[in-house]
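Participant: First the structure, then my questions, so here it is.
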Amino acid sequence: MTARAVQFNERFRVVISHFSNLLKFIGIVFLIALSAVAAPHTFAQEPIRGDKIVRNDGRAFEIKNSPRTYSPSKSVTIDPRQLVNQTVPTRQLLQFNALPNSIIVTSAPSPESVIGADGRTRVGDTTVFPYSAIVELEIDFPYGSVLCSGWMIGPDTVATAAHCLYYSGLGGWAQNVMAYPGRDGTLAPFGSVAGLNWNVRQKWIDTHGPRHDYGVIKLASPIGDTVGYFGYEYNSRSPFFIGKPVTVSGYPGDKHNAEAYTQWQMAGTIAKAHKRRLFYTIDTFGGQSGSPLFGRWVRKDCDPCAFGIHTYGVGGNWDMNSATRITKPVFNFMQSAAAP
Numbered sequence: 226m227t228a229r230a231v232q233f234n235e236r237f238r239v240v241i242s243h244f245s246n247l248l249k250f251i252g253i254v255f256l257i258a259l260s261a262v263a264a265p266h267t268f269a270q271e272p273i274r275g276d277k278i279v280r281n282d283g284r285a286f287e288i289k290n291s292p293r294t295y296s297p298s299k300s301v302t303i304d305p306r307q308l309v310n311q312t313v314p315t316r317q318l319l320q321f322n323a324l325p326n327s328i329i330v331t332s333a334p335s336p337e338s339v340i341g342a343d344g345r346t347r348v349g350d351t352t353v354f355p356y357s358a359i360v361e362l363e364i365d366f367p368y369g370s371v372l373c374s375g376w377m378i379g380p381d382t383v384a385t386a387a388h389c390l391y392y393s394g395l396g397g398w399a400q401n402v403m404a405y406p407g408r409d410g411t412l413a414p415f416g417s418v419a420g421l422n423w424n425v426r427q428k429w430i431d432t433h434g435p436r437h438d439y440g441v442i443k444l445a446s447p448i449g450d451t452v453g454y455f456g457y458e459y460n461s462r463s464p465f466f467i468g469k470p471v472t473v474s475g476y477p478g479d480k481h482n483a484e485a486y487t488q489w490q491m492a493g494t495i496a497k498a499h500k501r502r503l504f505y506t507i508d509t510f511g512g513q514s515g516s517p518l519f520g521r522w523v524r525k526d527c528d529p530c531a532f533g534i535h536t537y538g539v540g541g542n543w544d545m546n547s548a549t550r551i552t553k554p555v556f557n558f559m560q561s562a563a564a565p
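Residue numbers for the sequence shown follow the working numbering, beginning at 226 and rising by one.
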């Protein structure tokens with residue numbers, strides 16, 4: 226073979242080699258693209274679009290649209306043999322007053338408004354339903370521990386204010402939650418139940434807006450089967466609420482010595498109903514954030530029936546205490562967060 230022919234064959238071999246490598250590269254790219262289309266994305270979780278429930282462990286869940294307009298209550302008769310009567314040591318707990326760098330500034334509403342003469346009365350027997358289903362909450366944040374109130378809405382579920390669970394001025398998410406149903410001073414008749422996880426709306430974290438101030442705690446055990454639980458309902462007609470008799474009952478932080486950590490209530494009527502808030506002159510104080518605003522005049526299987534979550538008092542443009550109104554979006558949140 227001549228030198229010219231050898232040179233030609235060598236060039237031909239190099240060209241074929243490059244062409245073969247190119248085909249291999251195209252094949253690999255094709256297979257990667259095909260697998261990306263055909264196979265599930267196991268390497269990353271798809272983001273949830275739209276409104277979300279956010280849990281303290283960082284997980285997010287869709288808020289599902291419920292076909293219902295109310296959730297039934299569970300009335301119970303407490304057998305004395307069901308009582309635990311745990312002695313609870315008192316703690317120095319903060320109240321949700323105006324705090325530097327907090328979501329509630331001095332000019333904004335706070336939960337501590339006694340309007341005129343104080344009309345609150347102490348609940349005499351917290352082992353009687355529905356007071357047994359109202360919960361004193363002790364909540365540890367990165368920068369302090371606080372007192373809040375809540376109410377059972379299912380066997381293992383408590384409704385409360387969102388600022389009792391996620392509060393930017395105290396470091397963000399609560400780190401620990403302990404619930405004492407029907408607590409009466411240093412006596413916890415039904416013992417204590419730890420929070421398993423707690424949930425707020427993403428919009429609360431993003432905006433801290435009062436309209437989003439509601440949350441749900443899942444407990445480690447179904448104490449609601451013993452103490453009972455509230456029903457809750459939404460009604461889209463604001464005039465429906467005006468003049469209706471309601472009660473707010475919870476754990477105010479202005480009681481001391483023998484009355485510390487005792488449950489207090491006051492009855493009244495709804496004076497104003499805004500699109501997302503219900504207003505009243507019922508007296509409250511810091512610590513009662515998360516208390517139920519409830520009535521007993523709606524339906525037999527929603528008795529008592531809550532229509533709002535007490536969250537704020539007088540301040541800013543508000544001249545009355547008020548609750549976050551249970552609207553359809555709030556109802557859907559509560560139903561979705563309470564689901565197993």
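For each residue, glycine too, the CB sits at the ideal point set by N, CA and C.
All of these numbers come straight from a predicted model, not from anything done at the bench.
(1) If we count the other Cβ atoms within 10 Å of its Cβ and call it buried at 16 or more, is Asp282 buried or exposed?
(2) I'd like to know whether the C-beta atoms of Phe354 and Gly453 end up nearer to each other than 7 Å.
(3) Is it the case that the segment 392 to 404 contacts the segment 360 to 380, given that we only count it when at least three CB pairs across the two stretches are under 8 Å?
(4) Let me confirm a value: Arg306 is counted as buried when at least 16 other C-beta atoms fall within 10 Å, else exposed. Which label applies?
(5) With DSSP as the reference, identify every bridge partner of Phe180, one or two as the case may be.
(6) In angstroms with no decimal places, state the Cα-to-Cα distance between Asp438 and Thr312.
(7) Specify, as a first and last residue, the run of the beta strand (DSSP E) that Met403 falls within.
(8) So, with DSSP's three-state summary, where would you put Phe176?
(9) For the segment 387 to 455, list the alpha helix (DSSP H) runs that are entirely contained and at least 4 residues long, ordered along the chain.
(10) Determine the DSSP secondary structure at Tyr457, reduced to helix, strand or coil.
(11) Going along the chain, which residues of its own chain have a beta-carbon closer than 6 Å to the beta-carbon of Lys589, five neighbours each way excluded?
(12) Count the CB pairs spanning the segment 520 to 527 and the segment 442 to 453 that are closer than 8 Å, and state whether there are at least three.
(13) Nearest to Gly512 by alpha carbon, out of Val348, Ala387, Lys443, Leu372?
(14) Measuring only the C-alpha atoms, how far is Ile378 from Gly541?
(15) Is it the case that the Cβ atoms of Gly468 and Thr506 are separated by a distance below 7 Å?
(16) By the DSSP assignment, the beta strand (DSSP E) with Ala562 in it spans what residues?
(17) My guess is that Asp544 and Val339 are in contact by the Cβ rule of under 8 Å, so how many angstroms apart are they, rounded?
(18) Quick one, which of Arg502, Ser461, Gly533 has its alpha-carbon nearest Val473's?
(19) Is the closest heavy atom of the ligand ATP to the C-beta of Phe286 under 6 Å?
(20) Quick one, which of Leu421, Gly434, Thr351 has its alpha-carbon nearest His388's?
Facilitator: Let's see:
(1) An exposed status is given to Asp282, since fewer than 16 other beta-carbon atoms sit within 10 Å of its beta-carbon.
(2) Here Phe354 is near Gly453, since their CB atoms are less than 7 Å apart.
(3) Note that the segment 360 to 380 touches the segment 392 to 404; at least 3 beta-carbon pairs, one per stretch, sit closer than 8 Å.
(4) Arg306 is exposed by the Cβ-count criterion.
(5) What is shown of the chain runs 226 to 565, which leaves residue 180 out entirely.
(6) Between Asp438 and Thr312, the alpha-carbon positions lie close to 32 Å from each other.
(7) Boundaries of the beta strand (DSSP E) around Met403: 401 to 406.
(8) Only positions 226 to 565 of the chain appear in the structure, and residue 176 is not among them; the question remains open.
(9) Segments of the alpha helix (DSSP H) lying fully in the segment 387 to 455: 427 to 432, 449 to 452.
(10) In this structure, Tyr457 counts as strand in the three-state DSSP scheme.
(11) Outside the modelled stretch of the chain, which goes from 226 to 565, sits residue 589, for which no answer is possible.
(12) Pairwise C-beta distances place the segment 520 to 527 out of contact with the segment 442 to 453, as fewer than three of them are shorter than 8 Å.
(13) Nearest C-alpha to Gly512: Leu372.
(14) In this model, Ile378 and Gly541 are separated by some 31 Å (Cα to Cα).
(15) Not closer than 7 Å, so no.
(16) Note, Ala562: premise wrong, no beta strand (DSSP E); alpha helix (DSSP H) at 553 to 563.
(17) Between Asp544 and Val339, the beta carbon gap of about 14 Å keeps them out of contact (Cβ cut-off 8 Å).
(18) The shortest C-alpha separation from Val473 is found at Gly533.
(19) Summarising the ligand content, the structure contains no ligands, and the ligand ATP is consequently not present.
(20) The shortest Cα separation from His388 among Leu421, Gly434, Thr351 belongs to Gly434.
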